[in-house]
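Chains as they are written, first to last, in the numbering used here: chain A, 12 to 264; chain B, 12 to 264. Contents: one structure, followed by commentary.
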DNA sequence: GCCCTGAGTTGACAAATGTCAAGGTGAGCC
DNA sequence: GGCTCACCTTGACATTTGTCAACTCAGGGC
C-alpha cells in the first residue's frame with residue numbers, strides 16, 4: 012500500500028514555508044523532524060481509507076490526490092482534489108471521513124500521530140498553523156461549492172479548468188505556461204462536476220472547436236484564449252445592467 | 012447592521028461544550044469571557060461581507076446562516092448553511108472570503124479579534140480546539156459536496172432534507188420529531204442544490220404525493236416515511252449486486 | 001506483428017430539467 | 001375588507017444532458 016520511507020531534508024522542502032511547520036523555528040523543526048518520514052504513493056493507490064484509523068498526520072509535498080467515497084456497490088464518487096500543502100490525516104481525526112486516493116505520484120511528509128499531537132499541545136506555532144491550514148481547506152472546499160452552483164456543463168468545465176490553472180500556477184514551474192495537466196480522466200472530471208463522462212468529452216472538445224483551447228493529448232491541454240475561457244465559466248465579471256437583487260438563475264438546463 | 016451587545020453567562024451557554032471554548036477550564040474561560048460579547052442578527056441581515064475585514068471572531072450560538080456570494084449584478088449564490096457552533100470570523104482571517112447572511116434570527120458569541128488571537132497563541136487548548144472546529148467545517152463542506160455529486164433533482168432534495176434532519180437533531184429540542192423547518196425559500200434551496208426553484212417545488216410536492224412527507228406550510232414539513240426518504244436520496248445503501256469498480260453514474264439527466 | 005484493454009470520441013435518442021407564463025395563497029397594511 | 005407583494009405552485013414547451021451504442025486510438029504483453 013505504500014512505498015518505503017525516505018527521510019529528506021526540510022531545508023530543501025518545497026512546502027517548507029506553507030506546510031504545518033511553516034511557523035516553526037529551527038529548534039522546533041528539529042523536534043518534529045525526529046518523528047518525520049516521507050512516503051510515496053503511485054497514481055491509483057489509496058492513501059487513506061474511509062473509516063480506517065490513520066496512524067499518521069501528513070501533508071502533500073508533491074502530486075495530486077482526490078477526496079473520494081466508495082459506495083457499497085464499489086463505485087466511486089469524487090468530491091475534490093488535494094494539492095501540495097493539503098493535509099491528509101489531521102491531528103485529532105480518529106479515523107478518515109472519506110477515502111484519499113493518489114491521482115498522480117504523491118509524496119507525503121508524515122508524522123507519527125500520537126507524538127505529533129503531543130507536540131501540537133506544547134507548540135503554539137504548530138497549533139495555530141494547523142488551524143490556519145484547516146481554515147484554508149474549509150475555504151477551498153467552499154470555493155469548490157461555488158464552482159458547481161447553478162451552472163451549465165460548459166461553465167462547470169471552464170470553471171474547473173480555471174481552478175486547475177490557478178492551482179498549478181501556485182506550485183510554480185510544473186509545466187510550460189498555458190499548458191494544463193489534467194490529473195484525472197474524463198470520467199473522474201465528470202464525477203467531480205456531477206456530469207456524465209460523455210458530456211465532459213463533448214464540451215472539452217467544444218471548447219477546442221471554439222478555439223479557446225487545444226487538446227494536446229488526453230491529459231494535457233493548451234489554453235489559447237484565457238479571456239474567453241473566463242467568459243465561458245459563468246463567473247460573471249458580469250453584464251453591466253444592475254438587476255434586482257435575486258438568486259442566480261442556473262444558466263440553462 | 013447588528014443589534015446591541017448582550018453579555019450572557021457561559022455556564023448556561025448551549026454550545027459551551029462544542030464551541031471554541033470547549034476545552035477551556037474555568038480560569039481560561041474567565042480570561043476569554045472578558046473580551047466576549049453576544050450579538051444578534053435578524054433573518055436577512057448580513058453578518059459578514061465578502062472582502063470586508065471582520066473585527067470579530069465568533070461562533071453561532073443559535074440560528075441558521077448561509078455562506079453566499081454576491082455577483083456583480085447583485086444576484087446571490089449560496090454554497091452552504093451554518094448552524095450552532097460554526098464559526099463566522101476566524102482568527103487569522105484577514106477578511107471574509109464570502110458573505111455570511113442570517114437566514115433565521117442568529118445569535119453569535121463574539122470575541123474581539125486581536126485579543127482573541129493573542130489568547131490563541133498562549134492557550135494550547137484554544138488553538139487545538141480552533142483547529143478541530145476548522146477541520147469539522149472542512150469535513151462538513153466536503154460532505155456537502157458529496158451530497159451534490161451526480162444526483163437527480165429528487166435525490167438532491169431528499170439528501171438535503173436528510174441533512175437538515177441530521178443538523179436539527181444535533182441541536183436537539185428545536186422542533187417536534189419528524190418535523191423539518193426549512194430555513195430558506197425554494198429559490199434558495201435551488202441555489203444550494205444547483206436547481207431551478209420550480210424543480211425544487213415540483214419534487215418537494217412529488218415527495219408529498221408519494222406519501223414520503225407532508226408539506227405543513229412553506230417552511231415546515233413532516234416526514235412520514237424516513238426509510239423511503241433515505242431510499243430516495245440515492246446514497247446507496249446499495250443494490251446487492253457487486254459491480255465492477257467504476258465511477259458513480261449520475262442517476263439520470 | 002497482433003490482440004486485448006482502457007480511455008476517449010461521436011451519434012442518435014430519450015428523459016430530466018430549465019424557461020416562460022399564468023395563477024394561487026398567505027401575510028401585512030391601509 | 002380588500003389591497004399588494006413575496007413566495008409558491010402548476011402547466012406547456014424548449015433545451016440540455018444522460019443513456020446506449022458503436023467506433024477510434026494508444027499502449028502493453030505475448
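Just so you know, even glycine gets a beta-carbon here, dropped at the ideal spot from N, CA and C.
Considering only beta carbons, the part of the segment 85 to 106 of chain A lying closer than 9 Å to chain B consists of 85, 86, 87, 88, 89, 90, 91, 98, 101, 102, 103 and 104, in chain order.
For residue 159 of chain B, the chain A residues whose C-beta falls within less than 7 Å of its own C-beta are 159 and 205, listed in chain order.
Identification of residues in the segment 104 to 135 of chain B having a C-beta nearer than 9 Å to some C-beta of chain A yields 104, 108, 109, 128, 131, 132, 133, 134 and 135, given in sequence order.
In summary, no residue of the segment 41 to 65 of chain A has a CB separated from any CB of chain B by less than 9 Å. Taking C-beta separations shorter than 7 Å and ignoring five residues to either side along the sequence, the partners of residue 131 of chain A in its chain run 102, 137, 138 and 141, following chain order. Listed in chain order, the alpha helix (DSSP H) runs fully inside the segment 191 to 217 of chain A are 197 to 204, counting runs of at least 4 residues. Counting C-beta pairs with one atom in each stretch, the segment 165 to 184 of chain B and the segment 56 to 67 of chain B have fewer than three that are closer than 8 Å, which means they do not touch.
The beta carbon of residue 212 of chain B sits no closer than 8 Å to any beta carbon of chain A. Within a 10 Å sphere around the beta-carbon of residue 214 of chain B sit 16 or more other beta-carbons, which makes this residue buried.
At least one CB atom of chain B sits nearer than 8 Å to the CB of residue 139 of chain A.
If you draw a 10 Å sphere on the C-beta of residue 106 of chain A, you find fewer than 16 other C-beta atoms in it, and that means exposed.
DSSP places residue 42 of chain B in the uninterrupted alpha helix (DSSP H) bounded by 37 to 44. For residue 74 of chain B and residue 223 of chain A, the gap between their C-alpha atoms comes out near 45 Å. When the alpha-carbon of residue 19 of chain B is set against those of B:48, B:196, B:85 and B:89, the nearest one is in B:48. The C-alpha of residue 70 of chain A lies about 16 Å from the C-alpha of residue 145 of chain B. Listed in chain order, the positions of the segment 145 to 175 of chain A with a beta carbon within less than 7 Å of a beta carbon of chain B are 145, 146, 148, 149, 150, 152, 153, 155, 156, 157, 159, 160 and 161. Contact annotation: the segment 198 to 205 of chain A does not touch the segment 19 to 32 of chain B, with fewer than three C-beta pairs closer than 8 Å. Taking 8 Å as the cut-off, the beta carbon of residue 219 of chain A is found no closer than this to the beta carbon of residue 160 of chain B.
Distances from the alpha-carbon of residue 164 of chain B to those of B:207, B:99 and B:117 put B:207 closest. Residue 242 of chain A does not reach chain B, its nearest Cβ partner there being about 13 Å away, counting only Cβ pairs nearer than 8 Å. Contacts between residue 143 of chain B and chain A, judged by CB atoms closer than 7 Å, involve 103 in chain order. At a cut-off of 8 Å between C-beta atoms, residue 230 of chain B does not count as an interface residue with respect to chain A. Residue-level contact check: residue 75 of chain A does not touch chain B, since none of the beta carbons of chain B fall below 8 Å from its beta carbon. Chain-order list of chain A residues neighbouring residue 78 of chain B: 153, by C-beta distance under 7 Å.
A straight line joining the alpha-carbon of residue 55 of chain A with that of residue 23 of chain A spans about 27 Å.
In summary, the residues of the segment 187 to 202 of chain A whose CB is separated from some CB of chain B by less than 8 Å are 198, 199, 201 and 202, in the order they occur in the chain.
Only residues of its own chain outside the window of five on either side were considered, and among them 214 have a CB closer than 6 Å to the CB of residue 168 of chain A, listed in chain order. According to DSSP, residue pairing for residue 73 of chain A in a beta bridge involves A:118. As summarised for the segment 133 to 167 of chain A, the continuous alpha helix (DSSP H) elements at least 4 residues long and confined to that stretch are 135 to 159, given in chain order.
Listed in chain order, the non-local C-beta contacts of residue 189 of chain A below 6 Å within the same chain comprise 233 and 234, local neighbours out to five positions each way being set aside.
For residue 59 of chain B, the number of other beta carbons within 10 angstroms of its own is at least 16, and it is reported as buried. Taken atom to atom, the span from the alpha-carbon of residue 170 of chain A to that of residue 156 of chain B is near 16 Å. Under the DSSP assignment, residue 48 of chain B falls outside any alpha helix (DSSP H), being part of the beta strand (DSSP E) whose first and last residues are 47 to 52. Our two residues, residue 128 of chain A and residue 34 of chain A, have alpha carbons roughly 16 Å apart in a direct line. Counting every other CB atom within 10 Å of its CB across the protein chains shown gives residue 53 of chain B a total below 16, marking it as exposed.
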